[in-house]
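Below: the structure, in structure tokens.
In the numbering used here, the protein residues as written are 1007 to 1131.
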């Protein structure tokens, strides 16, 4: 009797990134927002807080923090668009085009973020 082997799927990688995005959305992003709000980056005018725009620009000019910010944006964009992709199944839209739209948009957001960070890092912005 011939044994049928199960096919391998790339779905666990997507679910790992989805779970990571949920954790980042629930824990990391609010912590980042609270830190910047408490530090005074969001007063009515951006120069009267504890941190001015130049100071925040200097902080985010650090390569490690830029890498962390890229990771947060990448994971959050993937998380949200993965959720949107699976929401299309709730509306009985099972076309492959939605896969390309959602994951392509997540990749585009990530590459745009990376490009903007590289531009600000080399001070061309």
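Even glycine gets a Cβ: it sits at the ideal position worked out from N, Cα and C.
Residue i vs residue j beta-carbon contact at 8 Å
i, j, result
"residue 1095", "residue 1108", "no"
"residue 1030", "residue 1065", "no"
"residue 1027", "residue 1104", "no"
"residue 1075", "residue 1123", "yes"
"residue 1069", "residue 1020", "no"
"residue 1078", "residue 1116", "no"
Bounding residues of the alpha helix (DSSP H) (the contiguous stretch that carries residue i)
i, result
"residue 1012", "Segment: none, residue 1012 is in no alpha helix (DSSP H) and carries neither H nor E."
"residue 1093", "1069–1096"
"residue 1116", "1102–1127"
Between the CA atoms of residue j and residue i - distance to the nearest angstrom
i, j, result
"residue 1018", "residue 1036", "27 Å"
"residue 1033", "residue 1012", "36 Å"
"residue 1121", "residue 1099", "33 Å"
"residue 1043", "residue 1092", "33 Å"
"residue 1114", "residue 1039", "24 Å"
"residue 1101", "residue 1016", "18 Å"
"residue 1097", "residue 1067", "43 Å"
"residue 1106", "residue 1041", "36 Å"
Beta-carbon proximity list for residue i, same chain, < 7 Å, skipping 5 on both sides
i, result
"residue 1014", "none"
"residue 1060", "none"
Residue nearest to residue i in terms of C-alpha spacing, selected from the options
i, options, result
"residue 1111", "1098, 1097, 1090, 1025", "1090"
"residue 1073", "1025, 1097, 1119", "1119"
Residues near residue i by beta carbon distance below 8 Å, same chain, minus five either side
i, result
"residue 1023", "1081, 1084, 1085, 1088"
"residue 1063", "1126"
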